[in-house]
Every structure is written in C-alpha cells, then in structure tokens.
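Residue numbers (full-length UniProt numbering), protein chains in the order written: chain A, 1 to 328; chain B, 1 to 528.
Don't be surprised by glycine CBs; every beta carbon is placed ideally from N, CA and C.
Take a look at the structure:
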C-alpha cells in the first residue's frame, strides 16, 4: 500500500472557518496595502531606471570590507547623486561580488545621453579601485523612458490576466464562480505585493512574471475545486450548498495538498540552487503557491455561499433562477 | 479507454525517439558535427552565454528637422530659376516653411515654381511636400506630408540598421543581431564577453565626415570677438586645441569615401587613418588640392576638426590619410566610422543589459542544479506516494522533459535563465494531472469499484478538471508572451510548452502503463 498523505474521506468543516479566514484575509490585505503606502516596493532598475554594475573578484582575489569601502569611495567621486554599493552573493559557488546602483540621470544632469556614459565611468573607476582584472558580471542601464513603458506593460499584463480569467471562469462555469475566483486572485496578488513591501526584496520585471504565474497557479487550484463543486451540484441536487462546498473541498483535499507540495519542491529547489538572479522570483513563487492554496480553500470556495450558485444544471435549466435555487 | 493498439503504442514510442533525435544536437559541439543529425537546437539567451543587449532610439525627429532645413535651402535656388518673381527669404514656422511674395509679383507663378519642389516618394505612395497658398496674405507655405514624415523616419531607421551592422561587423564580433522595434527603435544583441563600452562608443557617434577649406583670414581674435564673416562655421580643433573658422559648404563629404583602414603612422609616432575615394571624390579632391596649394583644409567628424593639414602637393591618386595623434584603438574606431558611413541621426541607448560570459556560465550551472534537484525530489516523492502508479507518473515526467526539449529544439527557441525556471516549475506542476487522476482512482476504489473500472473511470472523470485547470496556466503564459519582453518571454515559452506536453504525457503515457498493468494483472486491490 502506498503512502497516503491526506486520509480519504476527511470531513473537515472548512466552511465553518470562513468567518475567521475572512477576518484574517481582510487584515492581511489591509496590512499589505498599508505596507505598500508606508514601506513601498523596492523597485529594481527595470521600473525605476538607473544603472547597475555588478563586478566579481579576479581569479584568486576575494573582496573584503576594504574593497567595499574602496568601491564606495571611487564611485562617490563621480558625483552621481545617490549611489548604493553593496555586496552580492555569487551564483553557483562563485565568489561574492560588489554591486553598484546609480539612480537614473535626470534631464538637468544630462539625461539619457549622460546615462549611457555613466555605465562606462562606473566600470572604469571600479577597475581602478579594485584591480584591472576584476570580472564585469552584469551591466544594466535603463532610461526612464523604458522603465516607464515597463511599468505600464507590467500593470497591463496583470489587469489583462485577471480579466481573462474572469471571462474564462464565467464561460466555463457561472458568473458567481468567477466572482469568487477573481476575489481570491486579487487577494493573492495583493498579499504577494505586500510581502515584497515588507521583505524589501527587489521588485523587478521577473516578479511580474511570477505574479502572472501565481495567478495561473491559484486559478488552476480554484478551477479543480469548482469543477468538483459543479459535479456534486449535479449529483446531489437536494444537498445544502454549504455541504456541497465542504464535500467538494474535502474530496479534492488530497490533490490540493499533493500538487502544492510537488510544486513547492520544485520552486524551493529553484530558490536554494537557482542562483542570485532567480532568488526574488522563486521567493515570489513559493509565497504564491502557499497563498494561492489557502485562498482557494478558504476564500474562493466559501464565497460561493455568499453569491449563491445555479442549482439546476440540466440542459434548459436557466441561470435566471440561480438566486432562488441557491437557498432552498 | 485503457486499451491501446499496437500502432498507437508504436506511434508514442516514435514520438519520443523523434524528440530525442532533435534534442541530441544540443549536446554536440558545432566543431565536430556528427553526420546524420538534424540542424536543430536551442540558442542560449544572452543571460546564459553572456553578451550585450542594447535598445537604441533613432532620432527620427532630428532627421525630419534636417530635411526641412534642406528644403528651405532649396527654395531660393528653385525660385531664382524664374527671375521674374522676387520673394522674401523663406522662414521656418514650426515644421512649415513660409515664403512671402511681395505685392506686384506674380503670385501664381511663384506657387507653380514651389510646387515643383514636391517630389514623389521613392518606393512609396504620395509626394513629400504639401504646398498651400494664401493669396490674400501673399504667403506660400510648404510642409512635409504625413506620408513623407513617416517615409523619412522609416528610412532613417533602415539606414541606421545598415550603418550599425557595418560597424559591429568591423569590430569582428560574432553573430550580432539587429532588429527594428516599433517605429523608431533598434534592438542590437551581441553575444559573447565583448566590451559593451567599446560597442557603445562605436555606435554612439554619428560619423558625419566632411572636408572643408580653412578660412585663415579669420584670426583667433576675430573668433573670440565673434567677428565671423557669413557662410563660415567655427568648430573646435581636437587635434591641436583652439577653434578654426571653416567655409560652411564642404568640398568633400563622407559618402565619397569607399574604404578606410588604420595603420601605424608612416612618418613619426602614433597611428594614422588611410582612406580611399570613389571616382567623384577622387576628381573633387584632385581639383581642391590643386587649386589650394599651401592652404589648409580641415577634416571634420561630427562637428569636430580631427585634423587640419596644409596642402603640400596636389593629391591625384584618390587616396589620403589622416594623421592626427591617434592611439591605435582610436585610429581603428575612426576607420570603422568612416568606412561604415554616417548614421542619419544620433542613436540613444535606451536600455542596456550586459551579462559577462562567466556569470552566464554560472547561471547555466545553477539552473541545471536546480532543475536536477527539483526533478529528483518530485520523482522520489511521487513514487513514495503512489507506489507503482507513481513510477508510471515518473516515466511520464521524463517523457515530458524530453518533449519540452524536443519542442524547444525544433522551434529553435532561445533558452533564458527564466526559461530554465519555467521548466523547473513545469516539472512541479506537471504531475498535477497525474495527481488528479490518481486521487480520482483512489476515490473510485473507495466507492467499491473493481480495479479496472476504477482506473478507467479515474482517467475519464479527471479529464475535465485537468483541461480546465491547465488552460488557466496557458492563458497566463500567453499573456506573458504577448506583453512581456526578453527574459519574461523565455519563461512564457517554456511554461506554455510545458503545460501542453505535461497534459499529454500525464494523460496518455501513464494510461498506457496503468492500463496495461490492470488489464493484464487484474489486481484485487490497487497500491495507489
């Protein structure tokens, strides 16, 4: 007999917890929004514009505290306003490096033409301060024109994704289902943004991709339970909606947990071994899988009790009597 | 539903062989090709192999502006062809040029004359100028048509692409790609560990070259006090410092030069740039040098005098050299600029992403490790949870990875670091379809069905949830592909392909094994 993580025939009354879950989620959402306006997101240069230069030590060399001070001094002399100099972990066992971030150059200070030169100047002074043989790992320079466009494209992508999901669930199920699903999705996105405000992980283009994946994943989870609810609604026409929801969540519980775990195995391995570049991205995914699973069970499904659902799924049964049938 | 005939099984096996066949070339170096293998394979993105990505803005507004100024210059010449009509010198008002015709002059002759300036656009519909007249105000105004603006802007982007390609090729970098993006942008991608600053300095200069005679009657004091005669320009001399006054109209322009190269200075230190003229340039240069013996001429590049030698002998051979005091790199760069032709407008770097080759290699290693560990964990976990059926799912997972790499190789897709992340994530999510099926089989078993029936209805009843659930991820991937850029697109491609292949392998491949097993063994209970 193989191992069974979740016993069959669980009868947990999830619906009963919906009051607590709603309070918890509301608090988390309020907290996220508050964090967004007080702490704010730590936007990477994709969305803020600016120049980042990451260097690694030459073979045989190791960067010390002194190197960091030297780098800070050298770049400080360029007169570029707010310059940040930090150490950054190496990828796949490489030595730690130093990363220099420069704000986007304003129009008064020369704008885009000046910025193109800044990347070169920073590299030049770092070579002088840390040695000519240091390794140029990464040089990024994003002008405000492009960062503005990326913000716009990112927001558009999120809105379009949520919109398409709404339409998709509406067509495949009923509008009541799509409202529950969309609220759960929005919940996931807000909480992910909130956790990025609190942890101050860099919010980059890749995080938008992670958010879209979370939307897809959370939706995926929700759809499986909805699918079961619809099936049970057809099977048990007289059963109380509350019991149908509970039964369906319990029946799919094994799958919900199993899939979350396999997905977590993959994204945790990405977080631990995938390197510095993917760190924020895989962190967002880990968080998203957990929040997405929670919201499916505690938000998307119980919300159906508030919106009501169509009970007559036989062909010809119309959506018009949905309200009336929902509370028999 | 559980029975597969021999041909279906062979078909599946052939599919796997095909996927392996197109994947193998990825692991064989290009230097030692193995005969019989296809020319397929993924390209590593710049973030994995190292290289520079530059998004460049073309100053199309400046091109149009220069075009309008040229037309203003053409107007007096055209008007003087008809000496009966006098006119007030043309003025620019915004993007329009306004010519006033004094009272008593023939207004309609002037309008006809100016209409002749409007030419059809080569290779496009319409004409370049719109001429409108206001007889009451005695003014004629000329404006570029919208088609012409579009035409000149687009032409500027096209010739920028050519010039940039010439310059990058001359640097000797491998396989650069240059693409147009939108209306006035270029994307330049150069793989390898090359110096991005060198790249930027080569494409960052317009490379406008011209030869002018120096007006030596204008002394430095005259220049300092602003006493410069008309039709002279004052430019800085980067070779010897200071400024010189030159005749505004050039004797020779950059387009008359056909070749340029750098070499060590044949008499003295430093490097020089050698160049050769085309036929027209050769004649012009011969005339100019013959007529101006003992005078100085200036070689001007992008509004700077790079050399101002005195003409000692007439130069008739159609070639010459610039002997500033150049460093070797400077001379090489200059030769590249001169040879590749001028950019129609300056290019601005809007977005630069450069990754060093060693960071790229580290990323490949990190991505591979994460992929293998994630894969291993999921495989062990599935076998542990679902026993024999878990192993079937693991086989399907292997088949899935094979199909993903086969599809990417066949498409010649670009694999980026987020793309690898997409594959890792797909592995975690791919077993979902099998989990749905197996949990369903468990339920069917619990409701008292015999093994064959339970497996059969497990597959049947799980299908709708599988399709519904995976379509949502596919929608998300589709949005990322349409609205995303660069690395995000790479992620979308692998995620999207992975979703499709995973549904196929989870639903079909495991069914071959699970069906074969229950039909043959007809077990009383299922270890699932």
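| query | Skipping 5 residues on each side, what residues in its chain have a beta carbon closer than 8 Å to that of residue 85 of chain B? | reply | 79, 101, 105, 106, 109, 110, 113
| query | Straight-line CA distance for residue 312 of chain B to residue 306 of chain B? | reply | 18 Å
| task | Starting from the N-terminal side, write out each stretch of the alpha helix (DSSP H) that is 4 residues or longer and does not extend beyond the segment 161 to 239 of chain A. | result | 175 to 199, 205 to 235
| task | Keeping to the same chain, check which residues put their C-beta closer than 7 Å to that of residue 442 of chain B; ignore five residues upstream and five downstream. | result | 528
| Under the three-state DSSP convention, the category residue 319 of chain B falls into | strand
| task | Starting from the C-beta of residue 415 of chain B, find all residues in its chain whose C-beta is less than 8 Å away, skip the five residues before and the five after it, and write them out in chain order. | result | 42, 43, 44, 45, 48, 408, 490, 494
| task | With DSSP collapsed to three states, give me the class of residue 326 of chain A. | result | Note that residue 326 of chain A has pLDDT 42, beneath the 50 cutoff, so the model's placement of it is unreliable and no number is given.
| query | In its own chain, which residues sit with a C-beta less than 8 Å from the C-beta of residue 40 of chain A, not counting the 5 before and 5 after it? | reply | 197
| query | Excluding sequence positions up to five away, which residues of its chain have a Cβ less than 6 Å from the Cβ of residue 497 of chain B? | reply | 404, 407
| request: Spell out whether any CB of chain A is found under 7 Å from the CB atom of residue 48 of chain B. | output: no
| said: Distance check for residue 133 of chain A and residue 142 of chain B, CA to CA, integer angstroms please. | reply: 59 Å
| said: Strictly below 7 Å CB to CB, what residues from chain A border residue 431 of chain B? | reply: 262
| request: Find the nearest neighbour of residue 517 of chain B within the set B:457, B:326, B:452, B:380, judged by alpha-carbon distance. | output: B:452
| message | Under 7 Å, Cβ to Cβ, is there at least one residue of chain B near residue 301 of chain A? | response | no
| request: Round the Cβ separation of residue 243 of chain B and residue 236 of chain B to the nearest angstrom and send it over; I've been treating them as touching at under 8 Å. | output: 5 Å
| task | Measure how close the beta-carbons of residue 280 of chain A and residue 204 of chain A come, nearest whole angstrom, since I'm counting them as under 8 Å. | result | 7 Å
| task | Quickly, what does DSSP pair residue 263 of chain B with across the bridge? List them, please. | result | B:272
| query | So what's residue 444 of chain B in DSSP terms, helix, strand or just coil? | reply | helix
| Rounded C-beta distance between residue 396 of chain B and residue 509 of chain B? I'm assuming under 8 Å. | 4 Å
| query | residue 359 of chain B CB to nearest chain A CB: under 7 Å? | reply | yes
| Residues near residue 137 of chain A in its chain [Cβ-Cβ closer than 8 Å; skip 5 each side] | 54, 55, 56, 97
| said: What would DSSP say about residue 16 of chain A, mapped onto helix, strand or coil? | reply: helix
| Per-residue contacts from residue 301 of chain B into chain A (C-beta, under 9 Å) | Under the 9 Å cutoff, chain A gives no residues; its nearest Cβ is about 18 Å from residue 301 of chain B.
| Three-way DSSP call (helix, strand, coil) for residue 265 of chain A in this model | helix
| query | So with Cβ pairs under 7 Å, would you call residue 270 of chain A a contact of chain B? | reply | yes
| Amino acids of chain B, ordered along the chain, whose beta-carbon sits closer than 7 Å to that of residue 265 of chain A | 374, 377, 378, 381, 428
| request: Can you tell me which of A:266, A:241, A:185 puts its alpha carbon nearest to the alpha carbon of residue 161 of chain A? | output: A:185
| query | Counting along the chain, where does the beta strand (DSSP E) carrying residue 143 of chain B start and finish? | reply | 139 to 144
| Measuring CA to CA, which of B:291, B:98, B:57 is closest to residue 73 of chain B? | B:98
| What number of angstroms, rounded off, separates the C-alpha of residue 437 of chain B from the C-alpha of residue 220 of chain A? | 15 Å
| task | Using alpha carbons as the reference points, say which of B:470, B:506, B:522, B:432 lies closest to residue 450 of chain B. | result | B:522
| request: Report the neighbours of residue 112 of chain A on chain B: residues whose CB is nearer than 9 Å to its CB, in chain order. | output: 57, 348, 349, 350
| field | residue 229 of chain A versus residue 21 of chain A: straight-line alpha-carbon distance, rounded | value | 20 Å
| query | Interface residues of chain B around residue 47 of chain A at Cβ under 9 Å? | reply | In chain order: nothing, as chain B lies at least about 12 Å away.
| request: Please work out which residues of its chain come closer than 8 Å, Cβ to Cβ, to residue 352 of chain B, disregarding the five sequence neighbours upstream and downstream, and give them in chain order. | output: 52, 53, 54, 55, 196, 200
| task | Compare the C-beta of residue 424 of chain B against all C-beta atoms of chain A and say whether one is closer than 7 Å. | result | yes
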